[in-house]
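Undergrad:
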Amino acid sequence: MALSGCPAGNSSCRSWFSLRRVRIGGRQSPLEKPTPASTERRSNMDINNLDLTDRRGIITGAGQGIGRAIALEFGRRGGHLLLVGRQLATLTETGRLVAAAGGTTEILVEDLTKPGAVERIAHTVASWNTVDLLVNNAGNVRAGRLELTSDADVHSMIDLNLTAPILLTKALLPALRESGQQRGSILLNVSSGIALVGMPFYSIYAATKSGLAQFGESLRRELTGTGVHVATVYPGATDTDMMRSQNAGTELGWGRRSLADVITDLITALQAGEHEINTAPEGRRAMQDLNRTDPMAVDAALAPGLEDLELAVRDHRSI
1 MALSGCPAGN SSCRSWFSLR RVRIGGRQSP LEKPTPASTE RRSNMDINNL DLTDRRGIIT
61 GAGQGIGRAI ALEFGRRGGH LLLVGRQLAT LTETGRLVAA AGGTTEILVE DLTKPGAVER
121 IAHTVASWNT VDLLVNNAGN VRAGRLELTS DADVHSMIDL NLTAPILLTK ALLPALRESG
181 QQRGSILLNV SSGIALVGMP FYSIYAATKS GLAQFGESLR RELTGTGVHV ATVYPGATDT
241 DMMRSQNAGT ELGWGRRSLA DVITDLITAL QAGEHEINTA PEGRRAMQDL NRTDPMAVDA
301 ALAPGLEDLE LAVRDHRSI
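Residues in the sequence shown are numbered consecutively from 1, following UniProt numbering.
This is how it looks when you write it as structure tokens:
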């Protein structure tokens, strides 16, 4: 892995991660000056060198999809993981797969939107001698017209996608700081490509995922020099259970990537020290670029297909 902000002189922290400059969508950030350090190629280190032996971490939403895939990758590298989610059966299966891959797990069935959930997670890991990883992955979605979205669904998305990761990070940050000072730690927030392009009929979801991204960006700067590497991943449409009720295809700009490809990109980017990790396919990245430079052009491109898009996504729900 690669860590930013390692304490001065801490070779242990820097050896776990190789420091690289911030990159956005595969390109140099416009805030960077063109120094030799910022223009060099990213690390070519094999992802199997991501050594998590004796490392401990928490993954929310670990029962399926991206959360399970991250758990498998971290387990394969020797990590001990607390798997958090709402369904015992799916968490148990993730735990079985992680064990087969060489990792160890604990399971905590928890709904992060319920009172006391964060405190129960913190209590569960209080006996650990270190907290090295926190992956804020749990999330839900309800697509459709804003005026047809129930207040309950609005609150559910905000509570799980934004409020819960903020509160969980707040609770575990002292432990992440301590680990960061000693040998480096990671905070990984799983946002969405919709945080980069606000898609029609996903207004609440886009708001929560954009909020999570900006939370990570602000906190990353706040934690400069602490050894806590803060990264945000922006998955595009990915072939997971969460997408099963969404029927938009490539003709509507919703081509899906395989989960394996997305996770490979994620792990490689983490190891290269990236902070902003965009796993969207090239077509969606072109839309993201256009949205930054000419957002009204994106409006115009989407307008003719609005009716078809609404029909395709109106049943998209994971709440």
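All C-beta atoms in this analysis are idealised placements derived from N, C-alpha and C, irrespective of residue type, glycine included.
Put L50 into one of helix, strand or coil per three-state DSSP.
TA: Start at 1 with the first residue of the sequence shown, and residue 50 comes out as number 50. Three-state DSSP puts L50 in coil, outside helix and strand.
Undergrad: Touch check for the segment 117 to 136 and the segment 272 to 289: three-plus C-beta pairs under 8 Å?
TA: At 8 Å Cβ cutoff, the stretches do not touch.
Undergrad: For the alpha helix (DSSP H) containing L97, name the first residue and the last one.
TA: Residue numbering aside, residue 97 sits at position 97 when the sequence shown is read from its first letter. Taken as a continuous stretch (DSSP letters only), the alpha helix (DSSP H) holding L97 covers 88 to 101.
Undergrad: Thinking C-beta only, is V84 closer than 7 Å to T60?
TA: On the sequence shown, position 60 is the one that residue 60 refers to. On the sequence shown, position 84 is the one that residue 84 refers to. In this structure, V84 lies closer than 7 Å to T60 by Cβ.
Undergrad: Decide if the segment 166 to 176 is in contact with the segment 129 to 147; the criterion is three or more beta carbon pairs, one per stretch, under 8 Å apart.
TA: The answer is yes - the segment 129 to 147 touches the segment 166 to 176, with three or more Cβ pairs under 8 Å.
Undergrad: Here's the rule: buried if 16 or more other CB atoms are within 10 angstroms of the residue's CB, otherwise exposed. What is S127?
TA: Translated into the one-based positions of the sequence shown, residue 127 becomes position 127. Classification for S127: exposed.
Undergrad: Could you check the C-alpha separation between V109 and A301 for me, to the nearest Å?
TA: As a first step, residue 109 is located in the sequence shown; it is residue number 109 there, counting from the start. As a first step, residue 301 is located in the sequence shown; it is residue number 301 there, counting from the start. Whole-angstrom Cα-Cα distance: 43 Å.
Undergrad: Is the Cβ-Cβ distance between R68 and G193 less than 7 Å?
TA: By one-based count along the sequence shown, residue 68 stands at place 68. By one-based count along the sequence shown, residue 193 stands at place 193. Their beta carbons are not under 7 Å apart, which means R68 does not touch G193 by this criterion.
Undergrad: Under the three-state reduction of DSSP, which class applies to S156: helix, strand or coil?
TA: Position 156 of the sequence shown, counting from 1, holds the residue named residue 156. Of the three classes helix, strand and coil, the one that applies to S156 here is helix, per DSSP.
Undergrad: Select from T94, L188, R86 the residue whose C-alpha is nearest the C-alpha of R76.
TA: To locate residue 76, count along the sequence shown from 1; it is residue 76. The option with the nearest alpha carbon to R76 is T94.
Undergrad: Which first and last residues belong to the alpha helix (DSSP H) in which I263 is found?
TA: Numbered from its first residue, the sequence shown carries residue 263 at position 263. Note, I263: alpha helix (DSSP H), 259 to 271.
Undergrad: Output needed for L52: all residues of its chain with C-beta closer than 6 Å, excluding positions within five of it in sequence on either side, in chain order.
TA: As a first step, residue 52 must be located in the sequence shown, where it is residue number 52. Hits under 6 Å: F74, R77, G78, G79.
Undergrad: Taking the alpha-carbon positions, what's the L176 to A303 distance?
TA: On the sequence shown, residue 176 is found 176 positions in, with the first residue counted as 1. On the sequence shown, residue 303 is found 303 positions in, with the first residue counted as 1. Roughly 45 Å separates the two Cα atoms.
Undergrad: Can you tell me which residues form a DSSP beta bridge with T276?
TA: As a working mapping, residue 276 is identified with position 276 in the sequence shown. The identity of residue 276 in the sequence shown is Glu, whereas the question assumes Thr. E276 pairs with T232.
Undergrad: Please state if the CB of T92 and the CB of Q64 are separated by a distance shorter than 7 Å.
TA: Reading the sequence shown from its first residue, position 64 is the one you call residue 64. Reading the sequence shown from its first residue, position 92 is the one you call residue 92. Their beta carbons are not under 7 Å apart, which means Q64 does not touch T92 by this criterion.
Undergrad: Between the alpha carbons of T130 and D261, how many angstroms are there, rounded?
TA: The residue labelled residue 130 in the question sits at position 130 within the sequence shown. The residue labelled residue 261 in the question sits at position 261 within the sequence shown. Those two C-alpha atoms are separated by around 31 Å.
Undergrad: From the DSSP output, in three-state form, read off N189 for me.
TA: Working through the sequence shown from its first residue, we reach residue 189 at position 189. Correct three-state label for N189: strand.
Undergrad: If we count the other Cβ atoms within 10 Å of its Cβ and call it buried at 16 or more, is L311 buried or exposed?
TA: Residue mapping note: residue 311 aligns to position 311 of the sequence shown, counting from 1. So L311 counts as exposed.
Undergrad: First and last residue of the alpha helix (DSSP H) that includes residue 327?
TA: Examination of residue 327 is not possible in this model, given that the chain is present from 1 through 319 alone.
Undergrad: Pull up the CB-CB distance for T279 and P235, whole angstroms please, since I reckon it's below 8 Å.
TA: In the sequence shown, the residue the question calls residue 279 occupies position 279. In the sequence shown, the residue the question calls residue 235 occupies position 235. 5 Å between Cβ atoms; contact.
Undergrad: May I have the straight-line CA-CA distance separating T224 from G211, to the nearest angstrom?
TA: Start at 1 with the first residue of the sequence shown, and residue 224 comes out as number 224. Start at 1 with the first residue of the sequence shown, and residue 211 comes out as number 211. Distance between the alpha carbons of T224 and G211 is about 20 Å.
Undergrad: Going by DSSP, name the residue or residues bridged to T60.
TA: As a working mapping, residue 60 is identified with position 60 in the sequence shown. Answer by DSSP bridge pairing, in chain order: V84.
Undergrad: Please report whether the beta-carbon of R177 lies at a distance below 7 Å from any beta-carbon of chain C.
TA: No chain C is present in this structure, which holds just one protein chain.
Undergrad: Could you tell me the distance, in whole angstroms, from the CA atom of S318 to the CA atom of V154?
TA: Position 318 of the sequence shown holds residue 318. Position 154 of the sequence shown holds residue 154. Looking at the two C-alpha atoms, the distance is approximately 13 Å.
Undergrad: What are the residues that DSSP puts in a beta bridge with I107?
TA: Position 107 of the sequence shown, counted from the first residue, corresponds to residue 107. Paired residues: L83.
Undergrad: Rounded to whole angstroms, what's the CA-CA distance from I267 to D151? Just pull it up for me.
TA: Working through the sequence shown from its first residue, we reach residue 267 at position 267. Working through the sequence shown from its first residue, we reach residue 151 at position 151. So the two alpha carbons sit approximately 37 Å from each other.
Undergrad: Using C-beta distances below 6 Å, list every residue in its chain close to A213, excluding the 5 sequence neighbours before and after it, in chain order.
TA: Residue 213 sits at position 213 when you count from the first residue of the sequence shown. Counting only Cβ-Cβ distances below 6 Å, and skipping sequence neighbours, we find S191, A195, T232.
Undergrad: Look up residue 320 in the DSSP assignment and say whether it is helix, strand or coil.
TA: Residue 320 is absent from the model: the chain starts at 1 and stops at 319.
Undergrad: Does DSSP put V313 in a helix, in a strand, or in coil?
TA: In the sequence shown, counting from the first residue as 1, residue 313 sits at position 313. Three-state DSSP puts V313 in a helix.
Undergrad: By Cβ distance, which residues of its chain are closer than 6 Å to S122, with the 5 residues on each side in sequence left out?
TA: The count along the sequence shown starts at 1 and reaches residue 122 at position 122. Ser is not the amino acid found at residue 122; the sequence shown has Ala there. For A122, where only same-chain residues beyond five positions count, the Cβ hits under 6 Å are A171.
Undergrad: Three-state secondary structure (DSSP) at R221?
TA: Position 221 of the sequence shown, counted from the start, is the residue given in the question as residue 221. Three-state result, R221: helix.
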